[in-house]
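Below is one structure; the comments refer to it alone.
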Amino acid sequence: MKILVIRSDEGKLTRSDVVEGDFNTVAKDIVRKALEEWHPSESDLTALRTKFELRYKLPIDPDLYDKLVELNLELMREGNELVVNLPVLTISFDNAWLEDAYLDRRMYVISYYLDEAAKRQLEEYAIEATKEPKKMGGEAQLSLGEEEIKRLEEGLEELEERPKKRRRSRKR
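Under UniProt numbering, the first residue of the sequence shown is numbered 1, with each subsequent residue one higher.
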């Protein structure tokens with residue numbers, strides 16, 4: 001089985017290899033490698049499984065379809081596209097909390113190798129994941145000035161003053 005092993009350091013791709021082997025064995029080897037580079041006093045060590053959505057225009061190459069079926073991947077059709085949920089293991093070993101943001105400085109991304117298009121998307125994912133801190137803390141906050149709040153309140157008062165229209169039921 002072909003396994004894709006990607007490493008990204010501070011927004012740069014430093015490794016992207018396709019290796020032959022069992023997914024679990026390759027993943028454990030990479031976790032051991034990350035463990036050797038990890039500094040427990042400075043960061044967390046995490047290995048997270050997730051799904052990465054890939055989209056292919058239909059019809060797809062028969063060899064790719066055979067590979068998707070062989071791997072028993074989750075497939076869905078949306079219009080003229082095939083949506084593939086590819087399992088991905090992300091191993092972060094150099095990271096930091098910066099107030100309300102989380103920064104992955106260095107990480108590995110491991111997945112099945114499907115084709116060059118999927119490889120490029122996963123490489124981009126790894127690069128973006130280590131480029132900038134990610135805001136934590138849920139939904140974005142909306143802030144309005146006093147003038148904006150006043151205009152909104154006036155608009156609500158206008159709506160409340162209008163008489164409500166009655167709906168008539170249609171006779172059949």
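A virtual CB, placed ideally from N, CA and C, is assigned to each residue, including glycine.
Cross-strand partners of residue i (DSSP beta bridge)
i, result
"Met107", "Ser8, Ser92"
"Trp97", "Tyr102"
"Tyr112", "Ile3"
"Ser16", "Ile6"
"Lys135", "Ala101"
"Val83", "Arg55, Met76"
Whole-angstrom C-beta distance between residue j and residue i, which should lie under 8 Å
i, j, result
"Leu13", "Ile149", "Not quite, the Cβ-Cβ distance comes to about 47 Å (not below 8 Å), so this is no contact."
"Thr130", "Ser8", "4 Å"
"Ser111", "Phe52", "7 Å"
"Val18", "Tyr113", "5 Å"
"Leu4", "Leu122", "6 Å"
Continuous beta strand (DSSP E) stretch holding residue i: start and end
i, result
"Tyr56", "46-57"
"Glu74", "74-78"
Any chain B beta carbon closer than 9 Å to residue i
i, result
"Ile127", "In the structure shown, chain B does not exist; there is a single protein chain."
For residue j and residue i, the rounded distance between their alpha carbons
i, j, result
"Gly145", "Tyr102", "29 Å"
"Glu74", "Glu147", "50 Å"
"Tyr56", "Glu153", "48 Å"
"Glu99", "Tyr125", "24 Å"
"Lys135", "Ala96", "12 Å"
"Asp104", "Glu37", "14 Å"
Extent of the continuous alpha helix (DSSP H) to which residue i belongs
i, result
"Glu36", "23-37"
"Asp63", "62-70"
At least three beta-carbon pairs within less than 8 Å, the stretch 80-88 to the stretch 36-46: no
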